[in-house]
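Undergrad: Take the position in the sequence shown, starting the count at 1, then add 45; the result is the number in our numbering.
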Amino acid sequence: MTSRDKAMQALLSRRAALFGGMAATLPALGGWQAAAQQTQSSVVDITRARTDPIPIAVPDFAAGGDAARYGRDIARVIVNNLRNSGLFRPVDRAAFIQTAEAAAQTPRFQDWRVIGAQALVTGRVLDQGGSLRVEFRLWDVLPEAQLEGTLLTASTANWRRIGHLISDVIYERLLGEKGYFDTRVVYVAESGPRDRRVRRLAIMDQDGENHRFLTDGSFQVLTPRFHPNAQQIAFMSYFRNEPRVYLFSLDSGRQEVLGNFRGMTLSPRFSPDGRSVILSSTRGNDANIYVVDMGSRRERQLTSGGGLDVSPCYSPDGSQIVFNSDRGGDQQLYVMDAGGGGVRRISFGRGRYATPVWSPRGDLIAFTRIASGQFAIGVMRPDGSGERILSEGWGMEGPTFAPNGRVMMYYRETPARDARGNGYSARLSSIDIAGFNERQIVTPTDASDPAWSPLLA
């Protein structure tokens, strides 16, 4: 087994164990050595996959009795994840020749080649009375080689997560980059007229499933952000008409104010190590950036002087901070050292820049740009070079990166006339950082201010 294979299995073992299961390597039906030799040559360049998505066949996972529905549903989660990425083209099930049960026993590769599949996923599900035993194999159809074989066990309640974990393995094995499917998105669920909006915290899986509301709408919420452990959320709230930063625990459902600081606090984000929260606080006519230690709750001011310094975000290594400010007379993006020194402007394009967020890879900063009444979502390098606009529209804002840095989510507003001739709609959208595969994320209500979690384990 190659070092990469060992690393993959270690990752699966850690992630599966965290939700009550385990991961184990399955030997290839035709021998593991042949599979290992094909690993490197089976990785497809993502640039090529954007223009020529990988044809992949995913039959239902073989199962008997009540487990059959899990085999069907897990396969459909995998198909939807891969299709939604824009980098895979699932083969139409109507074209399948070999049955799912037979393929799980021994794939007949000529049956999959003739329908155009380059990759094949087979699997089997066993219901063990409250828990599932799921094995899956990923095959390279042309050389007839197994690329991956993994056994997962988890509670039946976590069947959907099994589908996401398998999707992540397929994505990484075939594209050479980590997946992003076993993640969640927290956002602000909006309802009601524009001048009397009700805003609640809501959370869902990245594919829009397992949706639930976290707050009841009795107070307004804005800008939720995940802790690096994905189990805590920082957000801004207007509880009793006082704008404060709150912390919400997904484990307990409890929320608490971060601290009773002077002035209005807004735009909270956790540091990469999770030990502090960076935010903006208004005092007098200025807004400056502060960092608050999570243990002591003590604050430290990082910026000063005239102007509004808001929307701070750390670089992935915690060494730098990007923020937007009107200190130069117009709203632009700036980067500074984590201690507050070395401030330099990085945006010089036409219009105003806002809501910067650093990619988890560290190579890009996403932003909102407003110019001539038009909104746009774009990216630039941390030094301000290479600016690219990915999407433009009537109103869009709040980019957030998937943990692999490949995909972004944001919200888009559109006019939506009601019977009285007023109103608007706000919906979440996602897009690849190359500017393709833009698609709407379905939510029960209007939605804004999304934040993507890290991988869940």
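Every residue, glycine too, gets a C-beta built ideally from N, C-alpha and C.
Measure the CB-CB distance between residue 268 and residue 97 and report whether it falls below 8 Å.
TA: Cβ atoms of residue 268 and residue 97: not closer than 8 Å.
Undergrad: Are the beta-carbon atoms of residue 261 and residue 245 separated by less than 8 Å?
TA: The answer is yes: Cβ separation under 8 Å.
Undergrad: Buried or exposed: where does residue 393 fall if 16 or more other Cβ atoms within 10 Å of its Cβ makes it buried?
TA: So residue 393 ends up on the exposed side.
Undergrad: Drop a sphere of 10 angstroms on the beta-carbon of residue 487, count the other beta-carbons inside from all chains shown, and report buried for 16 or more, exposed for fewer.
TA: With fewer than 16 other Cβ atoms within 10 Å, it is exposed.
Undergrad: Pick out whichever of 159, 104 and 223 has its Cα sitting closest to the Cα of residue 167.
TA: Residue 167 has its Cα closest to that of 104, out of 159, 104 and 223.
Undergrad: What does DSSP give as the partner residues of residue 436 in its beta bridges?
TA: Residue 436 pairs with 422.
Undergrad: Helix, strand or coil: how does DSSP classify residue 283 here?
TA: Here residue 283 sits in strand by DSSP.
Undergrad: What residues are listed by DSSP as bridge partners for residue 477?
TA: According to DSSP, residue 477 bridges with 452.
Undergrad: To the nearest angstrom, how far is the alpha carbon of residue 273 from that of residue 279?
TA: Residue 273 and residue 279: Cα-Cα distance of roughly 11 Å.
Undergrad: What three-state label does DSSP hand residue 354 in the structure shown?
TA: Residue 354 falls in the strand class under three-state DSSP.
Undergrad: Count the other CB atoms, across all protein chains shown, that sit within 10 Å of the CB of residue 439; report buried if there are 16 or more and exposed otherwise.
TA: Counting Cβ neighbours within 10 Å, residue 439 comes out exposed, since fewer than 16 surround it.
Undergrad: Taking the alpha carbon of residue 502 as the point to measure from, which residue in 257, 226 and 422 has its own alpha carbon closest?
TA: Among 257, 226 and 422, the Cα nearest to that of residue 502 is on 226.
Undergrad: Just confirm the distance between the C-beta atoms of residue 409 and residue 388, as a whole number of angstroms; I'd bet it's less than 8 Å.
TA: The pair is not a contact, with the Cβ atoms about 20 Å apart (cut-off 8 Å).
Undergrad: Just to confirm, does residue 412 get its C-beta within under 7 Å of one of the non-hydrogen atoms of the ligand FMN?
TA: The model depicted lacks the ligand FMN and carries no ligand whatsoever.
Undergrad: With H, G and I counted as helix, E and B as strand and the rest as coil, what does DSSP make of residue 330?
TA: Three-state DSSP puts residue 330 in coil, outside helix and strand.
Undergrad: For residue 442, count neighbouring Cβ atoms within 10 angstroms of its own Cβ and tell me buried if that reaches 16, exposed if not.
TA: Under this definition residue 442 is a buried residue.
Undergrad: Spell out the partners DSSP gives residue 167 in its beta bridges.
TA: According to DSSP, residue 167 bridges with 182.
Undergrad: What does the alpha-carbon distance come out to for the pair residue 328 and residue 485?
TA: So the alpha carbons of these two residues sit roughly 38 Å apart.
Undergrad: Would you say residue 355 and residue 383 are within 8 Å of each other, going by their C-beta atoms?
TA: No, the pair does not count as a contact, with Cβ atoms beyond the cut-off.
Undergrad: Which residues in the same chain as residue 224 place their Cβ atom closer than 7 Å to its Cβ, once the five residues preceding and following it in sequence are excluded?
TA: Excluding positions up to five away in sequence, the list reads 212, 213, 216, 217 and 449.
Undergrad: Taking residue 493 as part of the alpha helix (DSSP H), name the residues at either end of that continuous run.
TA: Premise fails: residue 493 lies in the beta strand (DSSP E), 491-497, not in any alpha helix (DSSP H).
Undergrad: Here's the rule I'm using: 16 or more other beta-carbon atoms within 10 Å means buried, otherwise exposed. How should residue 142 be labelled?
TA: The residue is exposed, with fewer than 16 neighbouring Cβ atoms inside 10 Å.
Undergrad: Counting C-beta neighbours from all protein chains within 10 Å, is the total for residue 180 16 or more, i.e. buried, or is it exposed?
TA: Flag for residue 180 reads buried.
Undergrad: Which partner residues does residue 160 have in the DSSP bridge list?
TA: Answer is none; residue 160 lacks a bridge partner.
Undergrad: Express the C-alpha separation of residue 94 and residue 238 in angstroms, rounding to a whole number.
TA: Each residue's alpha carbon lies about 43 Å from the other.
Undergrad: Give the C-beta separation of residue 402 and residue 459 to the nearest angstrom, bearing in mind that I take them to be a contact with Cβ-Cβ under 8 Å.
TA: No, residue 402 and residue 459 are not in contact; Cβ-Cβ is about 23 Å, not under 8 Å.
Undergrad: Any contact between the segment 152-164 and the segment 126-143? By contact I mean 3 or more CB pairs, one from each, below 8 Å.
TA: Yes, they touch.
Undergrad: Could you tell me how far apart the beta carbons of residue 123 and residue 208 are, in whole angstroms, since I believe they sit closer than 8 Å?
TA: Confirmed, Cβ separation roughly 5 Å.
Undergrad: Tell me which same chain residues have a C-beta within less than 6 Å of the C-beta of residue 498, skipping the five on either side of it?
TA: Result list for residue 498: 228, 229, 271 and 275, in chain order.
Undergrad: Determine the extent of the beta strand (DSSP E) in which residue 219 is found, giving its start and end residues.
TA: Here residue 219 belongs to no beta strand (DSSP E); instead the alpha helix (DSSP H) covers 204-220.
Undergrad: Answer with buried or exposed for residue 496, where buried requires no fewer than 16 other C-beta atoms within 10 angstroms of its C-beta.
TA: Its Cβ being crowded by 16 or more others within 10 Å, residue 496 is buried.
Undergrad: Please classify residue 289: is it buried, with 16 or more other beta-carbons within 10 angstroms of its beta-carbon, or exposed?
TA: Buried, because 16 or more other Cβ atoms sit within 10 Å of the Cβ of residue 289.
Undergrad: Can residue 132 and residue 192 be called in contact, C-beta distance under 8 Å?
TA: Cβ distance not < 8 Å, so residue 132 and residue 192 don't count as in contact.
Undergrad: Quick one: what's got a C-beta closer than 7 Å to residue 169's C-beta in the same chain, skipping five residues either side?
TA: The answer, listed in chain order, is 106, 107, 108, 149 and 180.
Undergrad: Go ahead and pull the three-state DSSP assignment for residue 315.
TA: In the structure shown, residue 315 sits in a strand (DSSP, three-state: E or B).
Undergrad: Using the Cα positions of residue 297 and residue 152, report the straight-line distance between them to the nearest angstrom.
TA: Each residue's Cα considered, the two are about 46 Å apart.
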